[in-house]
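**Q** Mind having a look at this structure? Questions to follow.
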Amino acid sequence: MKTAALDTPVITDADFQKFREFFYRKTGIQFDDGKRYFVDKRLIERIEATGSDNFRQYFVGLRFETKGEELQALVNAMTVNETYFFREQYQFECLVNSMMDEVASRRKAGQRIRIWSIPSSTGEEPYSIAIYLLERWPRINDYDVEILSSDIDTQVLQSAQRGLYTPRSIANLPKPYLNKYFKEQKDGQWLISRDLVDAVEFSRVNLSDVNDTRKFRDIDVIFCRNLLIYFDDLSRRMAAEAMFDALRPGGFVCLGHSESMSRISSLFTVRRFPDAMVYQKPLEGGA
Amino acid sequence: MGLKKTSDNVGLRKIAARDYGRDGHGLLEQLQDPDVSTRRWAARDLVQHPNLMRELCERLPQEPELSVREVMFTTLSQVGGAAVVSGLLPLLRSEDANLRNGAIETLSGLPDEVAGSIDGLLKDSDVDVRIFTLNLLGDLRHPRVVEWLGQALRLDAHVNVVAAALEVAAEVGSDALLPAVKSARARFASDPFIGFAADLAEQRIQGS
């Protein structure tokens, strides 16, 4: 259906319901009624971009296209690629309150614990992990903790190593941490401490490319949040398998709040900690 | 202690020459290695040997470890092609649900390759194979899905197959299926479940 005046496609309640169920099945992302305007706007954009006459025609094309290109375009339109310090903080709480202690219990003092943050994006996540460990994990000085961080985009890796952030990016940081680890610049941006930059090993990695990922091993905790939603089913499975082989037995994976490993792969088991639910490589059988 | 950077990459796996371009038949042998990780890596690296997919399919029922099987299915999905389809179709008859579901999921990702087999599968003498084929159609992105579903709804003689077809029809939601749904209801007029499933399919298709 199109409006006569503006020739703009209309999304009916039934269309929205049908789309919402389909999108959830494909991505695990659930839109509630409050997101109706957001969803309608982007759906209409995609209907117009593909030259479809109406929702029904677009939806049939979406369901039966062989290559999944339009689904990918739709996922990109429906997800907001934004990051900031201490985003989805409950998982960092889980890291310092539960996961690190469990990992350390299997390691002697002085041994190495390795964390991999992918995608690095512009560095907010790996630096948040570093700050959390330094500030909130009491046993940080008993172990060598390595933070590896990777992204497919070399420009964002360079930006991460520059460590310059907008006020919006650091808005969620507690003031004492901001003062301790950042310096305000004349232009209002904030420069992160070189000590933190030097503590993170950045590298370019395509998580779907086995030749990129095979060199990662003995990882204890992987943060891979809000990345797999951009992948198609097969690439998601390949990424999950790459993470499985990169982890030590008993290692953990943290995904974004709208992502579910159970929908991607049966390799991992679910672990429910007080702060968060994460995924774990079994201690036995998967070595 | 504390945070430490691995600037010399000592933390990363050193890539031995054997890790790349490994001999295909050597990889097939490694699929029988007692070490699970070795078998998983062999299954993954076989992606570079598309000519060995038949052998990889044959190995699937013998592989006891699910994490290895999962990688085997991923490799088969990546490579695709006629050998993968013909190697996986026999698994639709397997008693092992994991194998069967893995085969259905992999085949559903190969729409162009599997399309040529669907007509035959929908006429298979085994009712379960016809039902699994309909499960496959539910996830298959192919322009003939509606036609195949219509065929099962109008022609299949087994009530369980028609019930499965109605379930998939409700999900696919194409107007073109409405006459076939009506036909299925008429053919099994005395079966209350078919009536219920047909009502549901019509409601979903009409968007009410």
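Sequences listed follow chains S and Y, in order. Every letter in the first sequence is one number past the one before it in the working numbering, and letter 250, counting from 1, is 250. The number in the working numbering is simply the position in the second sequence, starting from 1, with 287 added. No residue lacks a Cβ here, since even glycine has one placed at the ideal position from N, Cα and C.
Please tell me whether Arg194/S has its Cβ less than 8 Å away from any Cβ of chain Y.
**A** Closer than 8 Å: no.
**Q** Along the segment 335-353 of chain Y, where does the CB come closer than 8 Å to a CB of chain S? Name the residues.
**A** Taking 8 Å as the Cβ-Cβ cut-off against chain S, the residues of the segment 335-353 of chain Y that qualify are Glu352, Leu353.
**Q** With a cut-off of 8 Å, does the C-beta of Thr66/S fall near any C-beta of chain Y?
**A** Taking Cβ atoms only, chain Y reaches closer than 8 Å to Thr66/S, which makes this a yes.
**Q** Using only the alpha-carbon positions, how far apart do Cys94/S and Ile229/S sit?
**A** Each residue's Cα considered, the two are about 22 Å apart.
**Q** Rank Val200/S, Ser159/S, Asp33/S, Asp142/S by C-alpha distance to the C-alpha of Asp101/S and give the top, closest one.
**A** Nearest C-alpha to Asp101/S: Asp142/S.
**Q** Counting pairs of Cβ atoms below 8 Å between the segment 254-265 of chain S and the segment 410-430 of chain Y, do you hit three or more?
**A** Cβ pair count under 8 Å is below three, so no.
**Q** For Thr269/S, list the residues DSSP reports as bridge partners.
**A** Gln280/S, per the DSSP bridge assignment.
**Q** By Cβ distance below 7 Å, which residues in the same chain neighbour Val355/Y in space, the five residues on each side in sequence not counted?
**A** Answer for Val355/Y: Val323, Arg326, Arg327, Ala330, listed in chain order.
**Q** Would the beta-carbon of Phe231/S fall within 8 Å of that of Leu267/S?
**A** Contact: no.
**Q** Within a Cβ cutoff of 8 Å, which residues of the same chain sit near Arg36/S, ignoring the five residues on either side of it in sequence?
**A** Excluding residues within five positions, the ones whose Cβ falls inside 8 Å are Phe16.
**Q** Leu234/S: which of Gln490/Y, Thr393/Y, Ala485/Y, Ala467/Y sits nearest, CA to CA?
**A** Selected option, being the one with the closest Cα: Thr393/Y.
**Q** Using a Cβ distance threshold of 8 Å, determine whether the segment 373-390 of chain Y contacts the segment 345-360 of chain Y, with at least three qualifying pairs required.
**A** The segment 373-390 of chain Y, when compared against the segment 345-360 of chain Y, does touch it at the 8 Å Cβ threshold.
**Q** For Gly308/Y, count neighbouring Cβ atoms within 10 angstroms of its own Cβ and tell me buried if that reaches 16, exposed if not.
**A** Bear in mind that a pLDDT of 48 at Gly308/Y, under 50, signals an unreliable position, so the model cannot answer this.
**Q** For Val145/S, which beta-bridge partners are listed by DSSP?
**A** According to DSSP, which records beta bridges pairwise, Val145/S is partnered with Ile113/S, Leu290/Y.
**Q** Exposed or buried, which one is Ala109/S when buried takes at least 16 other CB atoms within 10 Å?
**A** So Ala109/S ends up on the exposed side.
**Q** Mind checking if Leu315/Y is an interface residue toward chain S, Cβ cutoff 8 Å exclusive?
**A** So, not an interface residue.
**Q** How about Ala450/Y and Phe480/Y: do their beta carbons lie closer than 8 Å?
**A** The answer is yes: Cβ separation under 8 Å.
**Q** As a quick exercise: from Arg474/Y, Glu458/Y, Ser470/Y, pick the residue whose alpha carbon is nearest that of Ile492/Y.
**A** Ranking the options by Cα distance to Ile492/Y, first place goes to Glu458/Y.
**Q** Distance, Cα to Cα, Phe86/S vs Arg114/S?
**A** Using only the alpha carbons, I get a separation of about 20 Å.
**Q** In or out: Asp499/Y buried (at least 16 other Cβ within 10 Å) or exposed?
**A** Because chain Y in this structure spans residues 288 to 495, residue 499/Y falls outside the shown range and cannot be described.
**Q** Verify the CB distance criterion: does Glu146/S have a CB-CB separation below 8 Å to chain Y?
**A** Interface residue, yes.
**Q** Can you tell which of Asp33/S, Glu48/S, Tyr165/S, Lys41/S has its C-alpha closest to the C-alpha of Asp7/S?
**A** Out of Asp33/S, Glu48/S, Tyr165/S, Lys41/S, Glu48/S has the C-alpha closest to the C-alpha of Asp7/S.
**Q** Please classify Thr122/S as buried or exposed, where buried requires at least 16 other C-beta atoms within 10 Å of its C-beta.
**A** Per the 10 Å Cβ criterion, buried.
**Q** Between His429/Y, Ala467/Y, Val416/Y, Leu333/Y, which has its C-alpha nearest Gly437/Y's C-alpha?
**A** The option with the nearest alpha carbon to Gly437/Y is Ala467/Y.
**Q** Taking the straight line between their C-alpha atoms, what separation do you get for Leu148/S and Leu196/S?
**A** Looking at the two C-alpha atoms, the distance is approximately 12 Å.
**Q** So what does Lys183/S bridge to, in DSSP terms?
**A** BP columns for Lys183/S point to Leu191/S.
**Q** Taking the alpha carbon of Val200/S as the point to measure from, which residue in Tyr177/S, Glu69/S, Ser120/S, Val156/S has its own alpha carbon closest?
**A** Looking at the Cα atoms, Ser120/S is the closest of the given residues.
**Q** Using only CA atoms, which one of Arg248/S, Met78/S, Leu227/S, Leu134/S lies nearest to Arg217/S?
**A** Here the closest residue by C-alpha is Arg248/S.
**Q** Just curious, the beta strand (DSSP E) that Ile219/S is in, first and last residue?
**A** Taken as a continuous stretch (DSSP letters only), the beta strand (DSSP E) holding Ile219/S covers 219-224.
**Q** Helix or strand or just coil, what does DSSP make of Thr12/S?
**A** Here Thr12/S sits in coil by DSSP.
**Q** Mapping DSSP to helix, strand and coil, what is Gly308/Y?
**A** Here Gly308/Y scores only 48 on pLDDT, less than 50, and its place in the model should not be relied on; the value that follows carries that caveat. In this structure, Gly308/Y counts as coil in the three-state DSSP scheme.
**Q** I think Asp151/S touches Arg236/S, with their Cβ atoms under 8 Å apart; what is that distance to the nearest whole Å?
**A** So it is not a contact: roughly 17 Å between Cβ atoms.
**Q** Please report whether the beta-carbon of Asn141/S lies at a distance below 8 Å from any beta-carbon of chain Y.
**A** Chain Y, which has a Cβ nearer than 8 Å to the Cβ of Asn141/S, makes this yes.
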